[in-house]
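Numbering (the numbering used here), first residue to last: 137 to 257. We put the CB at the ideal spot given by N, CA and C, even for glycine. Note that the structure is predicted; figures quoted are calculated from it, not measured.
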């Protein structure tokens, strides 16, 4: 079921995810909810570049990108006042203090969880 576009403010969303199938699934969910995908960054380097220069409204950050933690991207977004959430398929115990209270999306994603987090922004 697609939301009514009359009450929806369309958001541009950056997805930072190193697994292509998960990124595609997120893209489908984002678009089904009436928003648009700004882009996908699959590495820490790509994510930092996108965070510094991208014109988007929100980001979903996988905590572990090919073995590297996403914290530098989170800091760039926080410095730019761009809202974001973390995502993880495992236990993440060492989230740095400035970001410890950020929302966490658990993998595997559900349509309802993505809808709820996007409604909150």
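Rank 213, 154 and 252 by C-alpha distance to the C-alpha of residue 234 and give the top, closest one.
Against the chain shown, residue 234 aligns to sequence position 98. Residue 213 is the option with its Cα nearest to residue 234.
For the stretch 166–194, which segments carrying the alpha helix (DSSP H) assignment without a break, of at least 4 residues, lie completely within its bounds, in sequence order?
Within the stretch 166–194, the complete alpha helix (DSSP H) segments at least 4 residues long are 180–189, listed from N- to C-terminus.
Specify whether the stretch 236–246 and the stretch 166–185 touch according to this definition: at least 3 beta carbon pairs, one from each stretch, less than 8 angstroms apart.
no
Report, in whole angstroms, the separation of the C-beta atoms of residue 176 and residue 204, which I expect to be a contact under 8 angstroms.
Position 40 of the chain shown, counted from the start, is the residue given in the question as residue 176. Position 68 of the chain shown, counted from the start, is the residue given in the question as residue 204. Between residue 204 and residue 176 the Cβ distance is about 16 angstroms, and since that is not below 8 angstroms, they are no contact.
In terms of residue numbering, what span does the alpha helix (DSSP H) encompassing residue 153 cover?
Locating residue 153 in the chain shown gives position 17, where the first residue counts as 1. First-last for residue 153: undefined, no H or E at that position.
Since I believe residue 232 is in contact with residue 257 (beta carbons under 8 angstroms), could you give me their beta-carbon distance rounded to a whole number of angstroms?
Stepping through the chain shown from its first residue, residue 257 is reached at position 121. Stepping through the chain shown from its first residue, residue 232 is reached at position 96. Your pair residue 257 and residue 232 does not check out as a contact, with CB atoms roughly 22 angstroms apart and the cut at 8 angstroms.
Ends of the beta strand (DSSP E) at residue 242?
Locating residue 242 in the chain shown gives position 106, where the first residue counts as 1. Element bounds for residue 242: 240–242.
What first and last residue would you give for the alpha helix (DSSP H) that runs through residue 255?
As a working note, residue 255 is residue 119 in the chain shown. Its alpha helix (DSSP H) spans residues 247–256.
C-alpha gap between residue 247 and residue 236, whole angstroms
On the chain shown, position 111 is the one that residue 247 refers to. On the chain shown, position 100 is the one that residue 236 refers to. C-alpha separation (whole angstroms): 24 angstroms.
Is residue 223 closer than 9 angstroms to residue 191 when the C-beta atoms are compared?
Start at 1 with the first residue of the chain shown, and residue 191 comes out as number 55. Start at 1 with the first residue of the chain shown, and residue 223 comes out as number 87. Cβ distance not < 9 angstroms, so residue 191 and residue 223 don't count as in contact.
Going by DSSP, what residue range makes up the alpha helix (DSSP H) through residue 215?
Taking the first residue of the chain shown as position 1, residue 215 is located at position 79. Its alpha helix (DSSP H) spans residues 207–215.
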